[in-house]
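Taken in sequence, the protein lines are chains A and B.
According to this note's numbering, the first sequence holds residues 1 to 609 in order.
According to this note's numbering, the second sequence holds residues 1001 to 1289 in order.
Data block below; observations after.
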Amino acid sequence: MTTEIPMDKTSGTTEVPAAQATPIIPLPQAAARALTVAGSALALAGTFLAWTWTEEFPGNLTVTGYPGGLQVLTLFGSLLTLLFALTGYGIRGLGWLTPGGKNSPVLLAALGVFGTTGYAIGAIAQELGGLVNLEPGAWVSGIGALLAVIGALGLPVDQPYDAADPTPHLWGRIRHSLTAPDPGRAKDLPSWAEILIIAAGFGTGLYVFSYGIGTEYSEQFIGFLIVAAFGFTAVNRAGLLKRLSALTAKHRNVTLGAAFAAAICFPFTQSNDQFALIGANILIFATVALGLNVVVGLAGLLDLGYVAFLGVGAYAAALVSGSPASTLGVHFPFWAAVLTGAAASLIFGVVIGAPTLRLRGDYLAIVTLGFGEIFRITMNNLNGNSGPDVTNGSNGIPQIPDLEVFGFNLGVPHDVLGHELTRSANYYLLMLVFTAIVVTVFRRSAESRIGRAWVAIREDETAATAMGINGFRLKLLAFALGASLAGLAGTVQAHVSYSVTPEQYQFAGSVPPNSAFLLAAVILGGMGTISGPLIGAALLYLIPAKLQFMAEYQLLLFGIALMLLMRFRPEGLVADRRKQLEFHETGQLDLPEDKPLPDGATGVAKAGA
Amino acid sequence: MTTTTTAPTTTVLAASGVTMRFGGLTAVRDVDLTVNSGEIVGLIGPNGAGKTTFFNCLTGLYVPTEGRVAYKGTVLPPKPHLVTQAGIARTFQNIRLFANMTVLENVLVGRHTRTKEGLWSALLRLPGFKKAEEESRARAMELLEFTGLAAKADHLARNLPYGEQRKLEIARALASEPGLLLLDEPTAGMNPQETRAAEELIFAIRDKGIAVLVIEHDIRFIMNLCDRVAVLVQGEKIVEGPAEVVQADERVIAAYLGTPFEGAPGDAEAAEVEAAEADAQSTEEGDDK
């Protein structure tokens, strides 16, 4: 609202050259910058004061001098704002923070602080019954955050307006003020320094991620989401992500190693078994999503019943696990159980794929949806009444014993490097190995003759066959590979969750690894990428797990989120280069250079307009 | 450009008695066509003459109802990918590139039949894998040089201008190392300069020893390019021969422009026709009564 009044002033003075972008709030630049710095410093200082008088609000915001809960989030956010704002003064040693945009990161970070502080104030007022419950600290931070936003809105915009639309409306101007130019080429650093930077990047990522998993109540998680989303965008606009991804592209193996190392470190940052279990479940979900990405992202086969393959792997592993409820009554060693699960899924994949893959597009989607449900119902019916007793019907197979890998019992805590690894942490680490295998499989198959053939089939099957590609065979290969990867994950899942029941493998349900959520993880994260489904799965698992209070509306919110995403970022959170170019035609790097139009042509265009 | 057509001409493609019926409709009726090595053969005909249907019989998309199509003496298998593997490559009338793959990747996909590395080789990075990939890349770059697209190897296919997309389709087809290249309207939508460039490209392909069969509407293009031209009209081949002979043939002119009256129809004849029509109408009305 504060932005609208000054807007009228600027539109009154239309003498400004069209392409020159003006700030949303017309302030002298020095004043605007000083205001931002002062505002964020104030917000920072406020976090050290008490925000409320009672400990009834979770996180204990009553202590002066020791920020807790949501205060910490405001603290981090305002620190980031302060840093970005100070780089504007050209202070030596801070310039590396903003190789891309200079002022839009400040605005985004300030908005993040304002969002989370405002949310905190609102939540305190609502839960404790009124604004009277606020202590001065909350007001200090809130006003500081507001001042920072106003100041940031007064900073000059990073890039001139689009030539096609030189005088956008207010909404266009606000959107524009959040954009930034790409950073130029970075100076070449010695490679040890570059590797160090990558390590630092992943360290930060790990810290943010484990903070998110470790959030203890939904207010803290919402605050975390606000700060993380704005902070991430701010860092991106500052050009730091582009710099980092340029480095990771240069040292790909180092990057993979760093990501893996960061993931290994995760259980050591958690002392609570519950959070390690969330980690293990996220990995299971993410691994299956990555397997689905072979089928959907590479070969373009829309599979709506993919969770059935996870189920086949889990049931196969459960049957040979030596569980007293297993009707087979055998106990395979771990490696044999894994192979059994993967092989069972592979066979199931081929059996389903062989008839269905002759269909294309929507028909395939519907048939796979049907097969996914058939799997669940069959497992229900193999109970001794409706059919032979194999799976105990809806009771499932409970009491699956813990795995023992090379004499290492995963069921009991172990002391490693002075840190106690709980049962869930053990399974997390085991699952990480499987994730690494699936990542390798995905990466290697994508960058090969087979992977290219899959993408070609996705792009245009008729042309692909005319190039000598046996469409049916390759689609079946993708289907079978995807199925066995899901089967691998299923074997671990059976042990992590102690039991398998048919209801775990639905099309859509409230617990994430189901077909709809798997597909959503792939699409939300970014089809055809490795990190996309991993991030998508993490978000889709964490958000429902952390925000229990909205469990009833989960599917509704999920649907709304998907629609918004498809509208504003159809390529997913992590875009592979192809998709980015496909959905956003402008500003692409390898668009053939536009030749300047001859004068005559512009004359015609003007006359036409 | 060194010509490699020193070997005695052999028959590359022999279609004999090809008939294609869809239910009661006969789209192609008893067509014979041969293409010899080192030859550029044109296939022309008015819209709906069955050219594309005939093309699809050659590429394995359709199995002819009667007759047989042989490539270098062996009957073609009835699957498009097997036909490509046998050595017949094609382009499409409406460009069908893999739009979201890069130019280089498009050509690499064309190499699919000539490489053997399977999934295991890719997953385990078996010894031959790297070498095969490098060879494929080198060969693909060679073809891009040949078609003049090397500088755009990393562009997305969708971002190429129209003429270059056509070229890329040809490069992709050549990547499968064909003995016969089928071009379905390669100059549709091109301006005269682009058409000239396409002509030169096709000559260069011929000089590599690859036989070419072209469907085209642009008569001038066909006349410049082809050693032999066959004309399809209503599913039947009515003439085949050198370009000049075909161009002068009355039946061809009739098929494209319609049959003229005896002599040129002047004003007198036109008046006569009108009178006759009026007469016919009045007699019809009379019959009704």
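In this text, a Cβ means the ideal position worked out from N, Cα and C, and glycines have one as well.
All values derive from a computational prediction rather than experimental measurement.
Three-state secondary structure assigned by DSSP to residue i
{"i": "G279 of chain A", "result": "helix"}
{"i": "V574 of chain A", "result": "coil"}
{"i": "S386 of chain A", "result": "coil"}
{"i": "R252 of chain A", "result": "helix"}
{"i": "V412 of chain A", "result": "coil"}
{"i": "S1037 of chain B", "result": "coil"}
{"i": "G1042 of chain B", "result": "strand"}
{"i": "G490 of chain A", "result": "helix"}
{"i": "E1177 of chain B", "result": "coil"}
{"i": "Y427 of chain A", "result": "helix"}
{"i": "I1088 of chain B", "result": "strand"}
{"i": "F1055 of chain B", "result": "helix"}
{"i": "L35 of chain A", "result": "helix"}
Exposed unless 16 or more other CB atoms sit within 10 angstroms - verdict on residue i
{"i": "I374 of chain A", "result": "exposed"}
{"i": "M1101 of chain B", "result": "buried"}
{"i": "R1228 of chain B", "result": "buried"}
{"i": "I437 of chain A", "result": "exposed"}
{"i": "E593 of chain A", "result": "The predicted position of E593 of chain A is uncertain, since its pLDDT is 40 and thus under 50; a value taken from the coordinates is nonetheless stated next. Its Cβ having fewer than 16 others within 10 Å, E593 of chain A is exposed."}
{"i": "G231 of chain A", "result": "buried"}
{"i": "N615 of chain A", "result": "This structure leaves residue 615 of chain A out entirely; chain A is present only between 1 and 609."}
{"i": "Q270 of chain A", "result": "buried"}
{"i": "M550 of chain A", "result": "exposed"}
{"i": "H176 of chain A", "result": "buried"}
{"i": "E1240 of chain B", "result": "buried"}
{"i": "V416 of chain A", "result": "exposed"}
{"i": "T465 of chain A", "result": "buried"}
{"i": "K595 of chain A", "result": "Model confidence at K595 of chain A stands at a pLDDT of 38, short of 50, so the residue's coordinates are unreliable and nothing is read from them."}
{"i": "K1289 of chain B", "result": "Reliability fails at K1289 of chain B, whose pLDDT of 42 lies under 50, so the model's placement of it is uncertain and no value is given."}
{"i": "F224 of chain A", "result": "buried"}
{"i": "T1009 of chain B", "result": "exposed"}
{"i": "I469 of chain A", "result": "buried"}
{"i": "T1059 of chain B", "result": "buried"}
{"i": "P388 of chain A", "result": "exposed"}
{"i": "K1051 of chain B", "result": "buried"}
{"i": "P267 of chain A", "result": "buried"}
{"i": "V1063 of chain B", "result": "exposed"}
{"i": "I377 of chain A", "result": "exposed"}
{"i": "R173 of chain A", "result": "buried"}
{"i": "D158 of chain A", "result": "buried"}
C-beta neighbour in chain B for residue i, strict 9 Å
{"i": "T74 of chain A", "result": "no"}
{"i": "V522 of chain A", "result": "no"}
{"i": "I450 of chain A", "result": "yes"}
{"i": "E447 of chain A", "result": "yes"}
{"i": "A453 of chain A", "result": "yes"}
{"i": "R444 of chain A", "result": "yes"}
Any C-beta of chain A under 9 Å from that of residue i
{"i": "K1167 of chain B", "result": "no"}
{"i": "T1019 of chain B", "result": "no"}
{"i": "R1139 of chain B", "result": "no"}
{"i": "R1125 of chain B", "result": "yes"}
{"i": "E1185 of chain B", "result": "no"}
{"i": "S1016 of chain B", "result": "no"}
{"i": "R1090 of chain B", "result": "yes"}
{"i": "E1133 of chain B", "result": "yes"}
{"i": "A1173 of chain B", "result": "yes"}
{"i": "F1129 of chain B", "result": "yes"}
Beta-carbon separation (whole angstroms), residue i vs residue j, contact threshold 8 Å
{"i": "V1031 of chain B", "j": "K1237 of chain B", "result": "5 Å"}
{"i": "A110 of chain A", "j": "V149 of chain A", "result": "5 Å"}
{"i": "L1097 of chain B", "j": "E1142 of chain B", "result": "With a Cβ gap of about 19 Å, L1097 of chain B and E1142 of chain B do not count as contacting."}
{"i": "A521 of chain A", "j": "Y428 of chain A", "result": "Contact flag wrong, Cβ pair sits at about 18 Å."}
Any non-hydrogen atom of the ligand MN within 8 Å of residue i CB
{"i": "R473 of chain A", "result": "You won't find the ligand MN in this model; it holds no ligand whatsoever."}
Chain A contacts made by the stretch 1096-1121 of chain B, where a contact means CB separation under 9 Å:
Those residues of the stretch 1096-1121 of chain B that come within reach of chain A (Cβ to Cβ, closer than 9 Å) are R1096, L1097, F1098, A1099, N1100, M1101, T1102, E1105, N1106, L1108, V1109, G1110, R1111, H1112, T1113, R1114, T1115, K1116, E1117, G1118, L1119 and S1121.
Residues of the stretch 456-482 of chain A with Cβ closer than 8 Å to any Cβ of chain B, in chain order:
The residues in question are A456, E459, D460, T462, A463, A464, T465, A466, M467, G468, I469, N470, G471, L477 and L481.
Chain-ordered residues of the stretch 1076-1088 of chain B with a beta carbon less than 9 Å from chain A
From the stretch 1076-1088 of chain B, only K1079, P1080, H1081, L1082, V1083, T1084 and Q1085 have a Cβ closer than 9 Å to chain A.
Determine which residues of the stretch 1034-1059 of chain B have a Cβ less than 8 Å from any Cβ of chain A, and write them out in chain order.
Flagged, chain order: T1059.
Residues of the stretch 412-445 of chain A whose Cβ lies closer than 7 Å to any Cβ of chain B, in chain order
Result list: V441, R444 and S445.
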